[in-house]
Amino acid sequence: MSTTRHSNRSFHPSYPALISTALLTGGLFQLALPVLAIGAPAGTQINNRATATYEDSTNPGVQINTTSNTVTITVAEVAGLTNVPAGILDANGGSVSTGDTVSFDFLVTNVGNDATNLFIPGSNNITTQGLTITTIQADLDNNGTFETTFTPGTDFTTTTPIAADASIRVRVTGTVTANTAGAPVSVRLGDTPPNDNSAATQNQASTGVNTDVRTVNTGATPVNGQREASALNATTLGIAVTTQALATVLKTMATYSPGGTATTDDQVTYRLDLRIPSSPPPGNSFTVGTLEGTAITVNGNTVTRILVSDVIPAGTVFDPGFTPVAPPNWQVVYSTTAPGNAIAAQWQTAQPAAATIRRVGFILNLPAGTAADANGGTLPPGSTTETDANGFRFRVVTTNLTTGGQVANIAQAFGETQGDAANTIVYDESGDQNPNNFDGSAPGAAFNPVTDTGVANPTTQGTDNSNNNTGQGAGGEDNVVVISPPGSILNGPQGQPGATGPTNQQDDFTNKTATDTPAGNAGTYDPAPIVFTNTVQNPPSNTSNLSNVVLKPIAPGEAAAATAGGFGANTDLPAGTTVTITLGAQTATYTYNGTTFTTTDAPVTIATLAPGVSQNYTVAVNLPTVGQTTAFPVPIVSFIDSGINPGQFDPASEPVFNLTIDRAYTGFVRLVKQFRILAADGVTVLQDFPANPLDATQVATVQPQPNQIIQYRITYVNISTASTGAASGNVLLNANNLVITEDGTAAPNNWAQFTINITNSAADPGGVITYFTAPIPAAPGGGNAVDPGAATTGYRDSVSGTLAPGASGQFTFRRRVN
2 MSTTRHSNRS FHPSYPALIS TALLTGGLFQ LALPVLAIGA PAGTQINNRA
52 TATYEDSTNP GVQINTTSNT VTITVAEVAG LTNVPAGILD ANGGSVSTGD
102 TVSFDFLVTN VGNDATNLFI PGSNNITTQG LTITTIQADL DNNGTFETTF
152 TPGTDFTTTT PIAADASIRV RVTGTVTANT AGAPVSVRLG DTPPNDNSAA
202 TQNQASTGVN TDVRTVNTGA TPVNGQREAS ALNATTLGIA VTTQALATVL
252 KTMATYSPGG TATTDDQVTY RLDLRIPSSP PPGNSFTVGT LEGTAITVNG
302 NTVTRILVSD VIPAGTVFDP GFTPVAPPNW QVVYSTTAPG NAIAAQWQTA
352 QPAAATIRRV GFILNLPAGT AADANGGTLP PGSTTETDAN GFRFRVVTTN
402 LTTGGQVANI AQAFGETQGD AANTIVYDES GDQNPNNFDG SAPGAAFNPV
452 TDTGVANPTT QGTDNSNNNT GQGAGGEDNV VVISPPGSIL NGPQGQPGAT
502 GPTNQQDDFT NKTATDTPAG NAGTYDPAPI VFTNTVQNPP SNTSNLSNVV
552 LKPIAPGEAA AATAGGFGAN TDLPAGTTVT ITLGAQTATY TYNGTTFTTT
602 DAPVTIATLA PGVSQNYTVA VNLPTVGQTT AFPVPIVSFI DSGINPGQFD
652 PASEPVFNLT IDRAYTGFVR LVKQFRILAA DGVTVLQDFP ANPLDATQVA
702 TVQPQPNQII QYRITYVNIS TASTGAASGN VLLNANNLVI TEDGTAAPNN
752 WAQFTINITN SAADPGGVIT YFTAPIPAAP GGGNAVDPGA ATTGYRDSVS
802 GTLAPGASGQ FTFRRRVN
């Protein structure tokens, strides 16, 4: 049966803001975009289609292609301003402190289609917090040289008009007056409500007051009048770098011994470990400190100890037949207190009656005279019990489980950071590799004694599917052991015959994809066969052999009629699909006719399968010509053939059976291209994106005018089925190395010819954008990390990390119509 990891919620201390100073140089911004003599001719059709490659995380190095739909926009037959924070410079480096001289930069850009002067308010019309302004400077050509210094208390208007799409940089310098750690230190340049750096603060109709940053017309009056924009550039008063101890508690099921009656006498032995990492999680810069104990009660006395705690799982009791073990200098403790706050529990060193034990714990208890003191000792960074032969171990025995039930468990670790005057609890839950319940680089939630009870709940906490502390998500993940009833059969993904699906053990699944999807073609194609490996097992809880075990595919509708589960409909699998089952020298090929599978071959049969024995077999799914980025479910049943109708599955006469789903994908990352048309101000929406980001049928109902903006949106989504709820042991499709290519020079695309890049508009919160000024090569590399501006004719979006099942992201960029 499968083991699933436990999930748990854990505490992670909050860290004061650490101020990193950075000055964005003028070279990061395009100085001026070329002014074209004429715009795109009326009636021009602008075409856009995106392509991408990615890899299945289980098959690295093999690229899979995916292609979006094509959108076509026809060009019809104009002042603008943006103002954004552009960096903060602390003259003496380090954190921002009281008395420091700090400069706040702003990039003010003419996004209209004609040159304009700009009005910049003086120091008496600029809003600050925690800062007294000393000077204001302007870099009028954004080349890094601030050639203009404002007269104190006087507003400033440029005398040489700023070209269309050109920028100036305004630097406001002052002395920090804030004196409370974490207090805001900020400058607001301009006054465009709500003054929060949102889109509503950019390129708005000017009110003409002296607190505005606004355009000043130099010729004919623009059809949309003068424009204004504001920006808030802010930091906080810094403090010394934080020291934080880290703890990672790990849990695995070490051994499983089935009894004669699986629901009442199965023995599960757990191993726990405690690791003290030497470095902070990626993206964090605090100093890793030493872990010391926190206050707990042992034998009626309040002591300070590092504690590893584990609640006895529901459906089990502590097994007194196995003496818990711990590494040197650790002591086993027990609690009969009902599960809740482990810190408040009453712990004792003497083992009480097994039926009364609610928690097993392990406390660090270094001998007197060593590095320890009366508080039991500390663990410096780099400490771990993983090198100990046994780690922490204890055993439970099942009791009063329902047939086919599961045992879920999660461990907790407690301590404090040495030297922390606040005595903030360091807390972690098992199931993953992250310390202090971090979720990647994101800190975990603070320990909550009300909710962080240590009681496992796979539905809310998630599971460690592989029993190796590789769970994902915030908090911890549960270790789950599924207890099979005697006389059952298990059939599941490779190495996971007891896997559990979203519904039960009948709809566990393996997701696998074709890798031969054509490049640059979103149409139908005939994929090569997709080969799965499954595992069938006579559960170790059985006491007798299983005979005449048949393996065969059945239609989704037949599976749904046999048992509850998410098998799909018969129409989800195209007629003409062939499925070949292979076990050793046995092979049987089945053909699907739209309602059932037929074959002239003898079924693949296992004559005898002993208790605890597993066998792997393969399933080759050969689809006819089908659409791309689509899932095709193939339920595979293992059953004890009654002989009434040999080789044919009938759940009424063959009640011992187990299903698994081999779900074949013709690619699993879908790209959907959409657009919206904006007025030249970049804010007013003339035609919006569809409400559904996966609607690939959008048609242009507005013809954009020259200098208006087309914003393209590419939604990428992993369409594969996720493992939800208490599901465990399923094989998922995770996309790695997803790279989206938008090449405006590659047919059928022509958007590079008729539009101009809007500098720094390309964005994907989950990716890294590379910019190209020539056709994008097929090989990786090349391009520019910084947007080169108007010359940009293509973008490559390298999506960071892994795109999990059901996860999605969006890559957007804006182009101004010539």
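Residues 2 to 819 (the working numbering) are what the sequence shown spells out, left to right.
C-beta atoms are modelled at their ideal positions from N, C-alpha and C, and glycine is treated no differently.
Predicted model only: the values in this text are computed from it and were never measured.
Whole angstroms are fine: how far does the CA of residue j sit from the CA of residue i?
i    : j    : result
A139 : T159 : 10 angstroms
N693 : S542 : 49 angstroms
F814 : I307 : 51 angstroms
L804 : V732 : 15 angstroms
G802 : G767 : 8 angstroms
P35  : A791 : Its pLDDT being 30, under 50, P35 is placed unreliably by the model, and nothing is read from it.
T544 : A53  : 52 angstroms
P530 : A515 : 8 angstroms
I582 : L660 : 14 angstroms
V800 : V769 : 6 angstroms
R838 : D429 : The question about residue 838 has no answer, for the chain in this structure spans 2 to 819.
T599 : A255 : 44 angstroms
G383 : P444 : 20 angstroms
T152 : Q754 : 45 angstroms
T824 : E229 : There is no way to answer for residue 824, as the model of the chain reaches only from 2 to 819.
P528 : V72  : 26 angstroms
G183 : L132 : 14 angstroms
T685 : T155 : 33 angstroms
S809 : D57  : 16 angstroms
A200 : A232 : 11 angstroms
T128 : D106 : 14 angstroms
Whose C-alpha, out of the options, is nearest the C-alpha of residue i?
i    : options                   : result
V361 : T303, Q811, T265 and P340 : P340
I1   : S467, A500, P122 and S187 : Nothing can be reported for residue 1, as the shown portion of the chain is limited to 2 through 819.
F669 : A182, G175, A345 and D517 : D517
Q205 : N449, A586 and L82        : L82
R394 : Q332, N437 and G783       : Q332
A475 : R228, I490, G441 and A556 : G441
G807 : N751, A786, A576 and V718 : V718
V605 : T592, L584 and Y591       : L584
L547 : G745, N750, F640 and P328 : F640
T68  : T525, Q349 and T756       : T525
N735 : I47, G44 and Y55          : Y55
A608 : Q587, V214, Y591 and D602 : Q587
G432 : N458, L574 and F633       : N458
D573 : A727, T596 and A562       : T596
Closer than 7 angstroms by C-beta to residue i: which residues in its own chain qualify, once you throw out the five before and the five after it? Chain order, please.
i    : result
A241 : Model confidence at A241 stands at a pLDDT of 37, short of 50, so the residue's coordinates are unreliable; what they give is reported in the following sentence. Nothing listed; no residue qualifies.
I108 : For clarity, residue 108 is Leu in the given sequence; the question names Ile instead. Within the same chain, L108 has close Cβ partners F30, V85, A87, S168 and R170.
T117 : A80, N111, P162, I163, T216, V217, N218 and T219
P314 : V397, V408, A409, N410 and A457
Where does the unbroken beta strand (DSSP E) through residue i begin, and where does it stop?
i    : result
F676 : V670 to L679
E430 : I426 to E430
E229 : R228 to A230
A880 : Residue 880 is absent from the structure shown; the chain starts at 2 and stops at 819.
T83  : L82 to D91
F814 : S809 to V818
Y772 : G768 to F773
D508 : Counting along the chain, D508 falls outside any beta strand (DSSP E), and DSSP gives it neither H nor E.
Going by beta carbon distance, what residues of the same chain come within less than 8 angstroms of residue i, once the five residues before and after it are set aside?
i    : result
T303 : A296 and I297
At what residues does the alpha helix (DSSP H) containing residue i begin and finish?
i    : result
A560 : P557 to A563
A753 : W752 to F755
T461 : P459 to Q462
Using a Cβ-Cβ cutoff of less than 6 angstroms, which residues in the same chain neighbour residue i once the five nearest sequence positions on both sides are dropped?
i    : result
T771 : G784 and R797
R272 : T253, A255, G392 and R394
T212 : P122, N126 and D192
F812 : I715, I741, D765 and D798
L37  : For L37, the predicted model reports a pLDDT of 30, less than 50, meaning its position is unreliable; a value from the coordinates is still stated below. Closer than 6 angstroms at Cβ, skipping near neighbours: N819.
If contact is defined by three or more beta carbon pairs under 8 angstroms, each pair taking one atom from either stretch, is the region 620-632 in contact with the region 644-655? no
Could you tell me whether the region 502-509 touches the region 566-584, using the rule of 3 or more Cβ pairs below 8 angstroms? yes
Would you call the region 51-65 and the region 724-741 in contact, with 3 or more CB pairs under 8 angstroms? yes
Okay, do the region 533-540 and the region 611-620 touch, 3+ Cβ pairs below 8 angstroms being the bar? yes
Hey, is the region 309-325 in contact with the region 338-356, meaning 3+ C-beta pairs nearer than 8 angstroms? yes
Is the region 692-706 touching the region 664-684, taking contact as three or more C-beta pairs under 8 angstroms? yes
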